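Report on one structure; see the data block that follows.
Number of protein chains: 2
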Amino acid sequence: MDAQLKRGVLEICVLAAMREEDTYGYKIIKDLSPFMQVSESTLYPILKRLEQSGCVTEYSVEHNGRLRKYYRITGAGHDKIKDFLNDWDSVMRAYYFIRGEGYYDEK
Amino acid sequence: MDAQLKRGVLEICVLAAMREEDTYGYKIIKDLSPFMQVSESTLYPILKRLEQSGCVTEYSVEHNGRLRKYYRITGAGHDKIKDFLNDWDSVMRAYYFIRGEGYYDEK
DNA sequence: CGATATACTATACATAGCGAGGTATATCGT
DNA sequence: ACGATATACCTCGCTATGTATAGTATATCG
Numbered sequence: 013m014d015a016q017l018k019r020g021v022l023e024i025c026v027l028a029a030m031r032e033e034d035t036y037g038y039k040i041i042k043d044l045s046p047f048m049q050v051s052e053s054t055l056y057p058i059l060k061r062l063e064q065s066g067c068v069t070e071y072s073v074e075h076n077g078r079l080r081k082y083y084r085i086t087g088a089g090h091d092k093i094k095d096f097l098n099d100w101d102s103v104m105r106a107y108y109f110i111r112g113e114g115y116y117d118e119k
Numbered sequence: 013m014d015a016q017l018k019r020g021v022l023e024i025c026v027l028a029a030m031r032e033e034d035t036y037g038y039k040i041i042k043d044l045s046p047f048m049q050v051s052e053s054t055l056y057p058i059l060k061r062l063e064q065s066g067c068v069t070e071y072s073v074e075h076n077g078r079l080r081k082y083y084r085i086t087g088a089g090h091d092k093i094k095d096f097l098n099d100w101d102s103v104m105r106a107y108y109f110i111r112g113e114g115y116y117d118e119k
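As they're listed, the protein sequences go chains A and B.
Last residue of the first sequence: 119 in my numbering, with the numbers rising by one and none dropped.
Last residue of the second sequence: 119 in my numbering, with the numbers rising by one and none dropped.
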C-alpha cells in the first residue's frame, strides 16, 4: 500500500489487531502482512505513541530468556477505532468523487 | 477529515477536480469543500508538486487585472488516478480488518 | 556453523498537512 | 465613505509519521 495511504489507517489496524487478544510487536507485523507491509521501524514507534496516548497498556512476559512486550487495548483505544469508523463516510465520499460517479449513496 | 487520512487521498482529489475541465486553485478548494476541507497552504504546494512531477501543466489567464493560474491534467495525471483506484482494494481490506468482519468480498 | 526466524530499540531522513502571515482587487452592506 | 467579506495566489516554519539502516540477542534448522 502507498506510504501516504497508510497514514491514518495503519495505526487503527494496529489497535484492531489486539482487539481479540493481547498481542506483541512481531506478531502484529505477521498478522497485518497479508494486506499491509509494516516494518519494525514503523510499528514500534506506533506502539509507543499508542501507549503514551492511553490507547494501549503494556506488560512484559519472559520468553526464551528475553522479555516479550505484550499490548492490551484500553477503552480509549476502542473509542479511537469507533471514531475512525465514523470518519469513514468522508473517505468514501472522496473515493466516489475520484471515481467520478457522483453522489455517494449512503451504504 | 483527519489530517493523516487525507494523505494519499487529497492529491488524487485535486487531480480528479480537473478531470472535466481546466481549473484553478481557489476553485478547487470550493469544489472539494463539500466533503473535504483544504486550506490554501495545503493546496498550492500540492499543485506545485503535481506540476513538477508532470501530472499537470499550468498556464496563466488575466482576470480582474491579476493573473489566474489554470491547471490542466496530463496523461501522467490520469495514470496516477488509475493507480490509486487499483490500490483501493488493499485499502478496503484494511478497512474490513478494522471493522472486524473478516474477509473482504471482492466488490 | 552459517543462515534464518524471532524480538525489541535507536538514529536520521523525507514527505506532506496546516497555521500564520503577506499581497492585491472587487463587491456588498451600513 | 468605509470596513467586512470574497476572490486569488504565495511562503515560512512547525509537526507528525513512514522507513532505511543499524544494533543487540537467542533459538532453530539445514
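Glycine residues also receive a C-beta, built at the ideal position from the N, C-alpha and C atoms.
Here the structure is a predicted model, which is why all the values come from computation and not from measurement.
Under 7 Å by beta carbon: chain A residues contacting residue i
| i | result |
| --- | --- |
| Ile-24 (chain B) | Ile-110 |
Proximity below 7 Å, CB of residue i to CB of residue j
| i | j | result |
| --- | --- | --- |
| Arg-105 (chain B) | Phe-96 (chain A) | no |
| Gly-12 (chain A) | Leu-17 (chain B) | The question about residue 12 (chain A) has no answer here: the residues shown for chain A are numbered 13 through 119. |
| Leu-55 (chain B) | Ile-41 (chain B) | yes |
| Lys-81 (chain A) | Ser-72 (chain A) | yes |
| Asp-101 (chain B) | Asp-14 (chain A) | no |
Within-7 Å CB hit, residue i to chain B
| i | result |
| --- | --- |
| Glu-118 (chain A) | Annotation note: pLDDT 47 at Glu-118 (chain A) (below 50); position unreliable, coordinate value reported separately. For Glu-118 (chain A), the answer is no, since every Cβ of chain B falls outside 7 Å of its Cβ. |
Cβ shell of residue i (< 8 Å), same chain only, five flanking positions each side left out
| i | result |
| --- | --- |
| Ile-85 (chain B) | Leu-27, Met-30, Arg-31, Cys-67 and Val-68 |
| Lys-119 (chain A) | In this prediction, Lys-119 (chain A) has a pLDDT of 43, which is less than 50 and means its spatial position is unreliable; nothing more can be read from the coordinates. |
| Arg-35 (chain A) | One detail in the question is off: residue 35 (chain A) reads as Thr in this sequence, not Arg. Excluding sequence neighbours, Thr-35 (chain A) sits near Ala-29, Asp-43, Tyr-82 and Tyr-83. |
| Ile-3 (chain A) | In this structure chain A extends from 13 to 119, so residue 3 (chain A) is not present and cannot be described. |
| Ile-58 (chain A) | Leu-22, Glu-23 and Val-26 |
Among the options, the one whose alpha carbon lies nearest that of residue i
| i | options | result |
| --- | --- | --- |
| Ser-65 (chain A) | A:Tyr-107, A:Ala-88, A:Asp-101 and A:Lys-18 | A:Ala-88 |
| Phe-109 (chain A) | B:Ser-72, B:Glu-23 and B:Asp-14 | B:Glu-23 |
| Leu-79 (chain A) | A:Gly-37, A:Gln-49 and A:Gly-112 | A:Gly-37 |
| Glu-33 (chain A) | A:Glu-70, A:Val-50, A:Ser-51 and A:Asp-91 | A:Glu-70 |
| Gly-112 (chain B) | A:His-90, A:Lys-39 and A:Pro-57 | A:His-90 |
Proximal residues of chain B, C-beta to C-beta of residue i below 8 Å
| i | result |
| --- | --- |
| Tyr-107 (chain A) | Val-21 and Trp-100 |
| Val-103 (chain A) | Met-13, Leu-17 and Val-21 |
Test: residue i CB closer than 7 Å to a CB of chain A
| i | result |
| --- | --- |
| Met-30 (chain B) | no |
Under 9 Å from the C-beta of residue i: neighbouring residues of chain B
| i | result |
| --- | --- |
| Ile-97 (chain A) | Just to set this straight, residue 97 (chain A) is Leu in the shown sequence, not Ile. Those within 9 Å of Leu-97 (chain A) in chain B are Tyr-107, Ile-110 and Arg-111. |
Closer than 7 Å at the beta carbon, the chain B residues around residue i
| i | result |
| --- | --- |
| Ile-93 (chain A) | Ile-110 |
Cβ shell of residue i (< 6 Å), same chain only, five flanking positions each side left out
| i | result |
| --- | --- |
| Tyr-116 (chain B) | Confidence at Tyr-116 (chain B) is low in this model, with a pLDDT of 47, below 50, so the placement of that residue is unreliable and no value is reported for it. |
| Val-50 (chain A) | Ile-41 and Leu-44 |
Same chain, Cβ closer than 7 Å to residue i, five either side skipped, listed in chain order
| i | result |
| --- | --- |
| Asp-43 (chain A) | Ala-29 |
| Ser-25 (chain A) | The sequence shown places Cys at residue 25 (chain A), not Ser. Contacts found: Leu-44 and Met-48. |
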